[in-house]
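First comes the structure, then the notes that go with it.
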Amino acid sequence: MPLRSPGLLLLLLGSLSAEIQQTEVRAKVGSDCLLSCMYPERLDFDLDDVYVYWQISESNTVVTYHIPKNNSSGQADSRYQGRAHLSLDSVRQGDFSLHLRNVTLQDAQRFTCLVFRKSLSMREVLRAVVSLRVAANFSMPVVSRLVASAPHQDQALTFTCTSTDGYPRPNVYWINKTDHSLLDRALHNDTVSLNARGLYDMISVLTVPWAPGLSVGCCVENMLLQQNLTSSGPAEPSTGGNAGRITETPALPPGQRGTAVLGIVAVLVVVVLVAVAITWARCGHRSYTGARPVTHEQELTDHA
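Okay, structure coming up:
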């Protein structure tokens, strides 16, 4: 009986006779990928004897196929025409893998590969199921801080983190850059939305108490790509004279700064006096001649 369409052929086929292969493939939006379907033994196939079908598992939508002496694209779904193809040279060697170009989010499906041989009364000789998971890179996070005119201890600081055009939905973390610890999830509010391209945009707002030298980082995690993107925010200045710098010790309170300065001056004065005393002692030791001591009064008399 002549074969009019791949859908009709699939309805007429009988029971399975081959072990099902199941694999998972990950691809990025816009990239090309290969969905594997290979005969487990080395065997040469005649293109006039083999029938190959790739379809979406849940809907039986035809992606591409090979029928002997027939156009293998006319019955394929329009979304895959020009993007999905088989290599006939590879088919001859038992490699029925699907080449898929320009992957889209809609390609995140389970695909089934079916292979039949006419010489075996159209018996199924291979079936493979490939789950395609699609991801997209998020943009590098951008961290900014709402700057107050005069930050102080009783003030809360607000940081924002934005990242766009990623997939799937991200995880967001804020990091205390001082000790690299994760900040409490309750301190930030995350908003994730789908944009016109079907990708995710993210904005996270962090609110923390003011602290001198505070520095935070924002981390956007793409679990499917096993990728973390981290950016740091501007450091909170410790004092007016050290804007943008991180200090390891807090500045002295205003009431103690004057006392500290006086203490430093007193130490310097003592050091100077000790140095003068040592110099005088050394000079006096050098003025001794061994015959008779020359006093300060005699020296003045001799020069009069």
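Going left to right, the sequence shown walks through residues -18 to -1, 1 to 286 as mature numbering (1 follows the signal peptide of the UniProt record, and there is no 0) numbers them.
Note that the Cβ used here is the ideal one computed from N, Cα and C, for glycine as well.
Bear in mind the structure is a predicted one, so any value in this text is a computation, not a measurement.
- prompt: Short check: CB of V190 to CB of F120, under 7 Å?
  reply: For the pair V190 and F120, the CB atoms are not nearer than the 7 Å cut-off.
message: On the DSSP bridge list, what partners appear for E106?
response: Residue pairing by DSSP places E106 opposite F98 in a beta bridge.
Sequence ranges, alpha helix (DSSP H) only - wholly within the segment 28 to 74, length at least 4: Qualifying alpha helix (DSSP H) stretches, in chain order: 70 to 74.
field: Through-space distance from T146 to A178, alpha-carbon basis
entry: Rounded to whole angstroms, the separation of the alpha carbons of T146 and A178 is 12 Å.
message: Looking only at its chain, what residues have a beta carbon closer than 6 Å to the beta carbon of S186, apart from the 5 residues adjacent to it on each side?
response: Closer than 6 Å at Cβ, skipping near neighbours: C143, V154, H170, D172.
Three-state secondary structure (DSSP) of Q128: Per the sequence presented here, residue 128 reads as Leu, with Gln not at that position. Correct three-state label for L128: strand.
message: Taking the beta carbon of D89 as the centre, do at least 16 other beta carbons fall within 10 Å, making it buried, or is it exposed?
response: By the 16-neighbour rule on beta-carbons within 10 angstroms, D89 is buried.
query: Which value, in whole angstroms, describes the spacing of the CA atoms of V7 and S175?
result: When rounded, the separation of the alpha-carbon atoms in V7 and S175 is 26 Å.
task: Enumerate in chain order the residues of its own chain whose CB-to-CB distance from M104 is below 6 Å, with the five nearest sequence positions on each side excluded.
output: Exclusion of the five residues before and after M104 leaves F98 as the residues of its chain whose Cβ lies within less than 6 Å of its Cβ.
query: What whole-angstrom Cβ distance do V116 and L80 have, given they're in contact under 8 Å?
result: With a Cβ gap of about 15 Å, V116 and L80 do not count as contacting.
query: Can you pull the DSSP bridge partners for P191?
result: According to DSSP, P191 bridges with A138.
task: Take residue 291 as the anchor and find which of L207, Q57, T5 has the nearest alpha-carbon.
output: With the chain represented from -18 up to 286, any question about residue 291 goes unanswered, as that position is not in the structure.
- prompt: In terms of DSSP beta bridges, what is N158 paired with?
  reply: Answer by DSSP bridge pairing, in chain order: S163, V198.
Terminal residues of the beta strand (DSSP E) in which S18 lies: Here S18 belongs to no beta strand (DSSP E), and DSSP marks it neither H nor E.
Cβ neighbours of G215 in the same chain (closer than 6 Å, five flanking residues each side left out): The beta carbon of G215 sits closer than 6 Å to those of V125, R127, F141, V198, all from its chain and outside the five residues before and after it, given in chain order.
message: Can you tell me which residues form a DSSP beta bridge with G180?
response: In the DSSP output, where bridge partners are listed per residue, G180 has none listed.
query: Are the Cβ atoms of T94 and S18 separated by less than 7 Å?
result: Cβ distance not < 7 Å, so T94 and S18 don't count as in contact.
task: Quick one: give me the first and last residue of the beta strand (DSSP E) that N210 is part of.
output: Per DSSP, N210 belongs to the beta strand (DSSP E) from 209 to 214.
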